[in-house]
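According to full-length UniProt numbering, the sequence shown is numbered sequentially starting from 1.
Beta carbons: idealized from backbone N, C-alpha and C, even for Gly.
This report concerns only the one structure given below.
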Amino acid sequence: MPVTEFQERVYTYLLSIPPGRVTTYAHIAKTLSTSPRAVGGALRNNPYAPDVPCHRVIASDGYIGGFKGEWTKAPSGVNQSMKLRLLRDEGVEFDGEGRLLTTACSVPRKGGVVTTVWFDGPWDLLGSQVKLKTIMEEEVLK
């Protein structure tokens, strides 16, 4: 499925976010010199989810945010429930209203323990570009 150059840029950043970590629409937008709504639009139209992990992007106020076009503060639909499940499977917890429970945790990772769920870099863009190209090529072969 073809995507725009802008979508490719956003998806490259998404692939740099490790499992068990989250960032915000606003943080990615600032990094790309664009708006959070533009980032949200690219995520809403992500044909490679969950391989390109748009579920790791939440609202700046700590709420779960949208997923596959659904947007409400409290998780109310199938898509937001799926986003919560994907994040919980990675060790990121939310309350019943869909708000991030804690910003601190102990998540074992190669080379040590990560002590926060927030991710703001470093962005491995070269490695992520290679991953994205592979995902896109595999999608064409399906």
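Burial state of residue i (16 or more Cβ within 10 Å)
{"i": "G96", "result": "exposed"}
{"i": "K142", "result": "exposed"}
{"i": "R56", "result": "buried"}
{"i": "K133", "result": "exposed"}
{"i": "S35", "result": "exposed"}
{"i": "P53", "result": "buried"}
{"i": "G40", "result": "buried"}
{"i": "V140", "result": "exposed"}
{"i": "V78", "result": "exposed"}
Close-in-space but distant-in-sequence residues of the same chain around residue i (CB under 7 Å, 5 per side omitted)
{"i": "G121", "result": "none"}
{"i": "I17", "result": "T23, P53, R56 and F119"}
Beta-carbon separation (whole angstroms), residue i vs residue j, contact threshold 8 Å
{"i": "residue 146", "j": "G65", "result": "This structure does not reach residue 146, given that the chain is present from 1 up to 142, and the question cannot be answered."}
{"i": "F94", "j": "L86", "result": "Contact flag wrong, Cβ pair sits at about 11 Å."}
{"i": "I58", "j": "V22", "result": "5 Å"}
{"i": "Y48", "j": "I135", "result": "5 Å"}
Near the ligand MN: residue i beta-carbon under 7 Å from a heavy atom
{"i": "F67", "result": "The model on display carries no ligand, and the ligand MN is accordingly not part of it."}
Beta-carbon proximity of residue i to residue j, cut-off 8 Å
{"i": "G91", "j": "G20", "result": "yes"}
{"i": "A42", "j": "Q7", "result": "yes"}
{"i": "residue 144", "j": "K68", "result": "Nothing about residue 144 can be reported from this structure: the residues present for the chain run from 1 to 142 only."}
Residues near residue i in its chain [Cβ-Cβ closer than 6 Å; skip 5 each side]
{"i": "N46", "result": "V52 and C54"}
Same chain, Cβ closer than 8 Å to residue i, neighbours up to 5 away in sequence not counted
{"i": "K131", "result": "L15"}
{"i": "P50", "result": "L86"}
Q: At 4 residues or longer, and completely inside the region 76-103: list those alpha helix (DSSP H) runs for me, N to C.
A: 78-89
Q.
Please give the ranges of any alpha helix (DSSP H) in the region 12-68, keeping only runs that are unbroken, at least 4 residues long and fully inside the region.
A. 25-32 and 36-44
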